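K.L.:
Can you read through this structure? Questions will come right after.
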């Protein structure tokens with residue numbers, strides 16, 4: 001054995017507690033990355049690529065059906081097609097089956113060679129009730145020229161990606177489910193929506209009536225958007241162009257990399273620039289200046305409401321059950337010989353009182369959910385807080401959804417930019433239910449927003465283990481991985 005080894009200087013063992021922690025974290029990150037690589041390899045096995053279609057027939061049409069899709073392939077990549085001609089993604093594609101069980105961590109098998117639906121070891125079909133999800137997962141269009149693409153099928157993620165296309169019309173019809181289009185480095189694009197329902201707002205609403213219905217674009221020249229209802233054009237915009245919209249090179253980013261978003265605002269299609277400042281990014285969302293102003297106003301609003309709520313809600317219960325003292329600041333220190341003590345109300349509540357408390361908590365949760373869905377995040381925080389305050393009158397373990405209240409309030413804090421508060425709430429949620437995936441996901445987002453990418457990766461990887469097919473978790477992992485890589489490069493470069 002060498003002298004260095006005898007002294008522990010050969011690098012085999014950590015020389016300090018800090019180095020030991022860093023090594024442990026690095027080991028966990030390496031394990032997580034290996035798992036991600038395996039997942040990406042499996043994902044490649046579910047991509048169906050259709051390329052170089054032949055429009056030599058008189059009809060100049062190519063109709064894509066289930067016959068064109070191999071077993072287990074659910075991501076359609078349509079590429080390298082030159083027209084003139086029309087490609088139809090038929091309704092038949094909506095019947096593609098994705099079999100999933102009630103427990104989303106399991107992935108039962110559908111076909112003998114179906115890489116997407118592999119059974120885990122020891123899986124027995126009789127032990128679980130399976131459900132079937134129908135449709136494609138995502139559609140990607142790349143390097144198309146002089147074509148029309150008609151979409152009539154369900155797309156589970158609601159996403160169509162477009163890149164390197166020229167003189168292409170994408171016509172989305174009412175049978176389709178599309179909420180978001182991402183277009184990059186293309187020109188002469190025409191996007192048409194014919195009675196298309198808003199996926200997130202419900203079938204009674206048309207595309208554009210929900211704020212999540214958006215078209216993101218970068219490096220796109222001469223794009224137009226048309227929205228039709230019952231055959232009539234009700235809304236349109238035909239002057240979308242990255243250069244005329246003000247795209248210019250900034251730092252290392254070229255003009256083609258500047259991101260824009262076009263959406264319906266006050267019943268009009270408007271194009272806005274996506275802010276590049278990291279402070280304007282919350283919950284991995286891409287925000288415009290208008291949205292960022294609203295975001296800052298909401299932050300101020302929730303801060304004021306929380307301060308007011310704290311003043312109103314600090315309650316001291318005395319031995320005299322008829323006496324309740326409310327204080328507007330920190331509760332006073334109670335001497336040990338004082339007859340008044342702080343008591344936990346749940347020790348004396350009856351069965352019916354417990355039921356009433358639980359119903360009140362459920363009502364506040366419902367109000368919070370409605371406020372969150374409407375974008376009133378500050379108001380939602382207040383409702384969830386009221387529910388948690390009411391839940392404090394019970395043993396936390398007897399309220400089945402206390403962890404949901406914490407997690408939902410964390411989601412609000414993420415939207416409002418209070419990332420430290422989001423971490424605190426997800427911590428409380430996970431203490432109550434360590435397997436609650438939404439809390440893990442939101443905790444990962446909070447770490448990411450605070451630029452703690454290594455912790456974000458570890459938390460999101462754990463969430464990914466529970467729900468390997470969750471597209472939001474997967475996307476968040478990718479963002480965190482990019483951030484971590486950049487951070488490591490900066491360290492290496494000094």
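In full-length UniProt numbering, the protein residues as written are 1 to 494.
All C-beta atoms in this analysis are idealised placements derived from N, C-alpha and C, irrespective of residue type, glycine included.
Bear in mind that the values here come from a model prediction, so they are computed numbers and not experimental data.
Apart from the five residues just before and just after residue 88, which ones in its own chain have a Cβ nearer than 6 Å to its Cβ?
P.N.:
Hits under 6 Å: 63 and 150.
K.L.:
When the Cα atoms are used, what is the spatial distance from residue 540 to residue 96?
P.N.:
Any question about residue 540 goes unanswered here, given that the chain covers just 1 to 494.
K.L.:
Can you give the Cα-Cα distance for residue 442 and residue 195, rounded to whole angstroms?
P.N.:
Just so you know, the alpha carbons of residue 442 and residue 195 end up roughly 35 Å apart.
K.L.:
Once the 5 residues before and after residue 319 are set aside, which same chain residues still bring their CB inside 6 Å of it?
P.N.:
Because residue 319 sits at a pLDDT of 43, beneath the cut-off of 50, its placement in the model cannot be relied upon, and the following sentence gives the value as read from the coordinates. Nothing listed; no residue qualifies.
K.L.:
Indicate the three-state DSSP secondary structure (helix, strand or coil) for residue 69 in the structure shown.
P.N.:
In the structure shown, residue 69 sits in coil (DSSP, three-state: anything other than H, G, I, E or B).
K.L.:
Compare the C-alpha of residue 176 against each of 365, 162, 197 and 74 and name the closest.
P.N.:
197
K.L.:
Which of the three DSSP states, helix, strand or coil, is assigned to residue 210?
P.N.:
coil
K.L.:
In the DSSP output, what is residue 362 paired with across the bridge?
P.N.:
Looking at the DSSP assignment, residue 362 forms no beta bridge with any residue, so it has no partner.
K.L.:
Give a yes or no on whether the C-beta atoms belonging to residue 401 and residue 365 are separated by under 8 Å.
P.N.:
yes
K.L.:
Within 10 Å of its beta-carbon, does residue 134 have 16 or more other beta-carbons around it, so buried, or fewer, so exposed?
P.N.:
exposed
K.L.:
With 16 as the cutoff for other CB atoms within 10 Å, does residue 230 come out buried or exposed?
P.N.:
exposed
K.L.:
Using a 10 Å radius around the Cβ and a threshold of 16 neighbouring Cβ atoms, would you call residue 270 buried or exposed?
P.N.:
exposed
K.L.:
Would you list the one or two residues that DSSP bridges to residue 184?
P.N.:
163 and 218
K.L.:
Can you tell me which of the three DSSP states residue 387 falls into?
P.N.:
helix
K.L.:
DSSP three-state call for residue 82: helix, strand or coil?
P.N.:
strand
K.L.:
Can you tell me which of 218, 404, 139 and 447 puts its alpha carbon nearest to the alpha carbon of residue 262?
P.N.:
218
K.L.:
For the ligand ZN, is there any heavy atom lying closer than 7 Å to the beta carbon of residue 487?
P.N.:
Of ligands this structure carries none, so the ligand ZN is not represented either.
K.L.:
For residue 434, does the three-state DSSP call read helix, strand or coil?
P.N.:
Correct three-state label for residue 434: coil.
K.L.:
Helix, strand or coil for residue 198, going by three-state DSSP, please let me know.
P.N.:
Note: residue 198 maps to strand in three-state DSSP.
K.L.:
Under 8 Å between the Cβ atoms of residue 419 and residue 450?
P.N.:
yes
K.L.:
Would you identify the three-state DSSP class for residue 267, choosing helix, strand or coil?
P.N.:
coil
K.L.:
In the DSSP assignment, find the unbroken alpha helix (DSSP H) run with residue 404 in it and report its ends.
P.N.:
402-416
K.L.:
In terms of alpha-carbon separation, which member of 170, 387 and 417 lies closest to residue 404?
P.N.:
Comparing Cα positions, the closest option is 387.
K.L.:
Should the segment 220-228 be called in touch with the segment 292-303, which here means at least 3 C-beta pairs below 8 Å?
P.N.:
no
K.L.:
What residue range is occupied by the uninterrupted beta strand (DSSP E) comprising residue 495?
P.N.:
No statement about residue 495 is possible, as the shown extent of the chain runs from 1 to 494 and does not include it.
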